[in-house]
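A.B. asks:
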Amino acid sequence: MGSFRRLKDFFFKHKWSYIFGIIWLLSVDAAQLAIPRILGNLTDDLEKNILDKSGIIKYVFYIILAGLVVAVGRYFWRMYIIGNSRKLEYHLRKQLFDHLLTLSPNYFNTHKTGDLMSHATNDISAVRRALGFGIIMLIDSLFLIILTLYMMINTTSLKMTIIAVFNLPIIILLTRNFGKTIYNRSRIVQGAFSNLTEITQESFAGIRVIKSFVQEDLVSEKFYQVNEDSLRKNLDLVKVSGSFRPLLQFVFSISLLITIYYGGKQVIVGNISLGNFIAFNSFLALLNWPTRALGQIINVLQRGAASMDRLNLILDEKSEILELNDAIDLNEIHGEIQFRNVSFKYPNSNYNALTDINFTVEKGKTLAIVGKTGSGKTTIVNLLLRLYDISQGEILIDDMDVKNLSLKTLRENIGYVPQDNFLFSQSLKDNIAFAFDEKVPDKKIYSAAKIAEVYDNIMKFPKKFDTILGERGVTLSGGQKQRTSIARAIIKEPPILILDDSLSAVDTETEEKILNNLKDSTKDITTIIISHRISTIQSAHKILFLDNGQIKERGTHEELLALDGLYRDLYEKQLLEEKIKG
Numbered sequence: 042m043g044s045f046r047r048l049k050d051f052f053f054k055h056k057w058s059y060i061f062g063i064i065w066l067l068s069v070d071a072a073q074l075a076i077p078r079i080l081g082n083l084t085d086d087l088e089k090n091i092l093d094k095s096g097i098i099k100y101v102f103y104i105i106l107a108g109l110v111v112a113v114g115r116y117f118w119r120m121y122i123i124g125n126s127r128k129l130e131y132h133l134r135k136q137l138f139d140h141l142l143t144l145s146p147n148y149f150n151t152h153k154t155g156d157l158m159s160h161a162t163n164d165i166s167a168v169r170r171a172l173g174f175g176i177i178m179l180i181d182s183l184f185l186i187i188l189t190l191y192m193m194i195n196t197t198s199l200k201m202t203i204i205a206v207f208n209l210p211i212i213i214l215l216t217r218n219f220g221k222t223i224y225n226r227s228r229i230v231q232g233a234f235s236n237l238t239e240i241t242q243e244s245f246a247g248i249r250v251i252k253s254f255v256q257e258d259l260v261s262e263k264f265y266q267v268n269e270d271s272l273r274k275n276l277d278l279v280k281v282s283g284s285f286r287p288l289l290q291f292v293f294s295i296s297l298l299i300t301i302y303y304g305g306k307q308v309i310v311g312n313i314s315l316g317n318f319i320a321f322n323s324f325l326a327l328l329n330w331p332t333r334a335l336g337q338i339i340n341v342l343q344r345g346a347a348s349m350d351r352l353n354l355i356l357d358e359k360s361e362i363l364e365l366n367d368a369i370d371l372n373e374i375h376g377e378i379q380f381r382n383v384s385f386k387y388p389n390s391n392y393n394a395l396t397d398i399n400f401t402v403e404k405g406k407t408l409a410i411v412g413k414t415g416s417g418k419t420t421i422v423n424l425l426l427r428l429y430d431i432s433q434g435e436i437l438i439d440d441m442d443v444k445n446l447s448l449k450t451l452r453e454n455i456g457y458v459p460q461d462n463f464l465f466s467q468s469l470k471d472n473i474a475f476a477f478d479e480k481v482p483d484k485k486i487y488s489a490a491k492i493a494e495v496y497d498n499i500m501k502f503p504k505k506f507d508t509i510l511g512e513r514g515v516t517l518s519g520g521q522k523q524r525t526s527i528a529r530a531i532i533k534e535p536p537i538l539i540l541d542d543s544l545s546a547v548d549t550e551t552e553e554k555i556l557n558n559l560k561d562s563t564k565d566i567t568t569i570i571i572s573h574r575i576s577t578i579q580s581a582h583k584i585l586f587l588d589n590g591q592i593k594e595r596g597t598h599e600e601l602l603a604l605d606g607l608y609r610d611l612y613e614k615q616l617l618e619e620k621i622k623g
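The C-terminal position of the sequence shown is numbered 623 in the working numbering, with every residue numbered one higher than the one before it.
Structure, rendered in structure tokens:
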């Protein structure tokens, strides 16, 4: 049970609910144990011919009373214990989700989405079953076994009870051996389910690519193989867990046959009364449930333990990006940015993504970064946002090392438009106002949309800004998604604005309008623009040309053209491409 140690605070917080639930559970067991004794006394009175009408009414009343206790008790133990298991499911799912939000982006680069979804659904449900019905069955079984054995000894004799329950050591041995196997196979099953979830999620997310390349058959075959692997591993588990309960039932049935044979002889010779024999067999029948339940208990608890171990691996994961204990919280920053001798390599990489990067962007100025794909442009932005931490050097904002700032201060003061332009399955209004917890005035949303040149497009939709987007904003064109993402960054009115190749899907006329709008509305904002198109960045105050993670050239557009180097070469190629297109 060490797998569940992490949940001790939850159990302590809800201890009284569990205690009340267990009390009601035990009251149900006590009422059930009273019924065989009532039937035994009824049989003895009937055999002695002393049972009259008032006696029958008395026994009927006792049985009805026991039934009522069982009914009421079952309701309350379900409310307390099963209710707590649902609260635990909520608590654990929230804890997992909140923890995942704290992890650095690199964690998600190395862990599949489907696997994480499996943890949040299947594994947590397995833990909930283990700590709901698993606890009920465990306590119920132990209490029934102990109290039933006492009642059996008290009703007949120790000798007859030992004969009846000779199978308990065998059951304990079987339980121990089967438990280990079920645990190991449960972990394998959960891993197979993760693979199944991953391929399903990936296939649906990429359905347009699959269809455009006519790869339905290939994807279907791949899904068939993963699905068949999951089935095979589940069947391996079922073979063990499914054979466990029948095996326990068989062992129990043997003891029942021996008891009937031996007990019947004792009744014939007069050592025990017929009523006691009936009561004894009723008690023995009550042992049938906890004996069979042991198999299910082991199955449920071991599955839950295997799932909890998988969850613990995630919850024990530490973020690579850590705040200092005395991190500085600021209401606002001015926006001056400095990179000093910055070098960086991605985790598990042998090569530097950036080497000896030095530059300064003054408040209200625009820095443009241009270069080939993979030259390190986006990496600079990732380091500024502390999505990764640098290997050496310093990154300063307003002469303060970004590592000394709280992550909240740093990221709230930066408006970032990433390359992938991710939009949520919400309304356009909610997507643009995503950065705010409180309700944002419509006027402010409209203003941001106008600056991003997406307002007119949105107003043509039937529901305008209340239009609900499809998954990842699929109902919008590429250019509309980019402009909506720009509006989402602009509405924050941040001291620092970063546009990471966020105009690549718009035409040059719209691009020019957006840049002019930004120039008018971001006079006091420090802006970093990353682009492949020189037309996008030629009016920047400073331009960096990156190649293989190093700054090869720097200056204004005119200064770089005068160098007659890499920048000019790229510029002339793009001019030639435009002439050919024209």
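Backbone N, C-alpha and C fix where the C-beta goes; we use that ideal spot for every residue, glycine too.
1. Closest by CA to I509, which one among I473, K449 and T300?
2. Measure the alpha-carbon distance for G62 versus Y103 and round it to whole angstroms.
3. Identify, in the order they occur along the chain, each residue of the same chain with its Cβ nearer than 6 Å to the Cβ of P388, setting aside the five sequence neighbours on each side.
4. Quick check on the DSSP output: the alpha helix (DSSP H) that includes R127 runs from which residue to which?
5. Got a sec, what are the start and stop residues for the beta strand (DSSP E) R119 sits in?
6. Determine the direct distance from the alpha carbon of N399 to that of G434, and round the result to whole angstroms.
7. With H, G and I counted as helix, E and B as strand and the rest as coil, what does DSSP make of Q256?
8. Looking only at C-alpha atoms, which of G519, T525 and E479 sits nearest to M500?
9. Between F264, P503 and K491, which has its C-alpha nearest A530's C-alpha?
10. Measure from the alpha carbon of L517 to the alpha carbon of each residue in I566, F463 and D565, then state which is nearest.
11. Could you name the residues of the same chain whose beta carbon sits closer than 6 Å to that of I186, not counting the 5 residues immediately before and after it, in chain order?
12. Suppose you measure from the CA of G108 to the CA of D507; what does that come to, to the nearest Å?
13. Would you call the stretch 451 to 471 and the stretch 533 to 548 touching, i.e. three or more CB-CB distances under 8 Å?
14. May I ask you to list the residues that DSSP assigns as paired with Q591?
15. For A409, which three-state DSSP category applies?
16. Grab me the residues of W555's own chain with a C-beta within less than 8 Å of its C-beta, minus the 5 sequence neighbours each way, in chain order.
17. Please list, in chain order, all residues of the same chain as R134 whose beta carbon is under 8 Å from its beta carbon, the five residues on each side excluded.
18. Could you please give me the residues that DSSP links to M349 through a beta bridge?
19. Buried or exposed, going by whether 16 or more other CB atoms sit within 10 Å of the CB of N414?
20. Sorted by chain position, which residues of the same chain lie with C-beta nearer than 7 Å to E479's C-beta, five sequence neighbours on each side aside?
21. By how many angstroms is the C-alpha of R351 removed from the C-alpha of V281?
22. Does the distance from the CB of N322 to the CB of T197 come in under 8 Å?
23. Quick one: using the 10 Å Cβ neighbour count with 16 as the cut-off for buried, is W57 buried or exposed?
24. Hey, would you say V422 sits closer than 8 Å to I592, going by beta carbons?
25. Judging by CA-CA distance, which residue of M201, N236, P503 and S235 is the nearest neighbour of V308?
26. Does DSSP classify S572 as helix, strand or coil?
27. What number of angstroms, rounded off, separates the C-alpha of Y487 from the C-alpha of E594?
28. Could you name the residues of the same chain whose beta carbon sits closer than 7 Å to that of G511, not counting the 5 residues immediately before and after it, in chain order?
29. Would you mind reading off the limits of the alpha helix (DSSP H) that contains N498?
30. Indicate the three-state DSSP secondary structure (helix, strand or coil) for K583 in the structure shown.
31. Determine the extent of the alpha helix (DSSP H) in which T597 is found, giving its start and end residues.
32. Where do the ends of the alpha helix (DSSP H) carrying V168 lie?
33. Helix, strand or coil: how does DSSP classify V308 here?
34. Which residues bound the alpha helix (DSSP H) around D50?
35. Using DSSP with H/G/I as helix, E/B as strand and the rest coil, what is I509?
36. Have a look at D156, H132 and N150 and flag the residue whose alpha-carbon is nearest the alpha-carbon of V168.
C.D. replies: Inspection of the coordinates gives the following:
1. As a first step, residue 509 must be located in the sequence shown, where it is residue number 468. Among I473, K449 and T300, the Cα nearest to that of I509 belongs to I473.
2. By one-based count along the sequence shown, residue 62 stands at place 21. By one-based count along the sequence shown, residue 103 stands at place 62. When rounded, the distance between both Cα atoms is 24 Å.
3. In the sequence shown, residue 388 corresponds to position 347, counting from 1. N147, listed in sequence order.
4. Working through the sequence shown from its first residue, we reach residue 127 at position 86. Looking at the DSSP string, the run of the alpha helix (DSSP H) that includes R127 is G124 to T143.
5. For the purposes of this step, residue 119 is taken as the residue at position 78 of the sequence shown. Following the DSSP letters along the chain, one finds R119 in no beta strand (DSSP E), marked with neither H nor E.
6. Working through the sequence shown from its first residue, we reach residue 434 at position 393. Working through the sequence shown from its first residue, we reach residue 399 at position 358. Roughly 9 Å between the two C-alpha positions.
7. Within the sequence shown, the letter at position 215 stands for residue 256. In the structure shown, Q256 sits in coil (DSSP, three-state: anything other than H, G, I, E or B).
8. Translated into positions along the sequence shown, residue 500 becomes position 459. The candidate whose alpha carbon is nearest that of M500 is T525.
9. Taking the first residue of the sequence shown as 1, we reach residue 530 at position 489. When each option's Cα is compared against that of A530, the closest is K491.
10. What you label residue 517 is simply residue 476 of the sequence shown in a count that begins at 1. Comparing Cα-Cα distances from L517 to each of I566, F463 and D565, the minimum goes to F463.
11. Locating residue 186 in the sequence shown gives position 145, where the first residue counts as 1. P331.
12. Here residue 108 corresponds to residue number 67 of the sequence shown, with the count starting at 1. Here residue 507 corresponds to residue number 466 of the sequence shown, with the count starting at 1. Each residue's Cα considered, the two are about 57 Å apart.
13. Verdict: yes, contact present.
14. Position 550 of the sequence shown, counted from the first residue, corresponds to residue 591. DSSP output for Q591 lists D588 as bridge partner(s).
15. Locating residue 409 in the sequence shown gives position 368, where the first residue counts as 1. In this structure, A409 counts as strand in the three-state DSSP scheme.
16. Mapped onto the sequence shown, residue 555 falls at position 514. Looking at the sequence itself, residue 555 is Ile, so the reference to Trp does not match. So the list reads I492, A493, E494, R524, I527, L544 and V547, once near-sequence residues are dropped.
17. Counting from one through the sequence shown, the residue named residue 134 turns up at place 93. The residues are A161 and I165.
18. Residue 349 sits at position 308 when you count from the first residue of the sequence shown. Partner(s): none; M349 has no beta bridge.
19. Stepping through the sequence shown from its first residue, residue 414 is reached at position 373. Note that residue 414 corresponds to Thr in the displayed sequence, not to Asn. When all chains shown are included, T414 counts as exposed.
20. As a position in the sequence shown, residue 479 is number 438, starting the count at 1. Hits under 7 Å: none found.
21. Within the sequence shown, numbered from 1, the residue matching residue 281 stands at position 240. Within the sequence shown, numbered from 1, the residue matching residue 351 stands at position 310. C-alpha separation (whole angstroms): 21 Å.
22. Residue mapping note: residue 322 aligns to position 281 of the sequence shown, counting from 1. Residue mapping note: residue 197 aligns to position 156 of the sequence shown, counting from 1. Their beta carbons are not under 8 Å apart, which means N322 does not touch T197 by this criterion.
23. Here the question's residue 57 lines up with position 16 in the sequence shown. Around the beta-carbon of W57, fewer than 16 other beta-carbon atoms lie within 10 Å, marking it exposed.
24. To locate residue 422, count along the sequence shown from 1; it is residue 381. To locate residue 592, count along the sequence shown from 1; it is residue 551. Contact: no.
25. As a working note, residue 308 is residue 267 in the sequence shown. Minimum Cα distance to V308 is reached at M201.
26. Your numbering for residue 572 matches position 531 in the sequence shown. DSSP places S572 in strand when its eight states are reduced to three.
27. Taking the first residue of the sequence shown as 1, we reach residue 487 at position 446. Taking the first residue of the sequence shown as 1, we reach residue 594 at position 553. For Y487 and E594, the distance between alpha carbons rounds to 39 Å.
28. Residue mapping note: residue 511 aligns to position 470 of the sequence shown, counting from 1. Here the set comprises S466.
29. The residue given as residue 498 occupies position 457 in the sequence shown. Counting along the chain, the alpha helix (DSSP H) containing N498 begins and ends at Y496 to M500.
30. In the sequence shown, the residue the question calls residue 583 occupies position 542. Three-state result, K583: strand.
31. By 1-based counting over the sequence shown, the position of residue 597 is 556. DSSP places T597 outside any alpha helix (DSSP H), giving it a letter other than H or E.
32. Residue 168 sits at position 127 when you count from the first residue of the sequence shown. I165 to A171 is the span of the alpha helix (DSSP H), which, as asked, contains V168.
33. As a first step, residue 308 must be located in the sequence shown, where it is residue number 267. Look at V308 here: in three-state DSSP terms it is helix.
34. As a working note, residue 50 is residue 9 in the sequence shown. DSSP places D50 inside the alpha helix (DSSP H), whose first and last residues are K49 to K54.
35. Numbered from its first residue, the sequence shown carries residue 509 at position 468. Of the three classes helix, strand and coil, the one that applies to I509 here is strand, per DSSP.
36. Taking the first residue of the sequence shown as 1, we reach residue 168 at position 127. Checked all of D156, H132 and N150; the closest Cα to V168 is H132.
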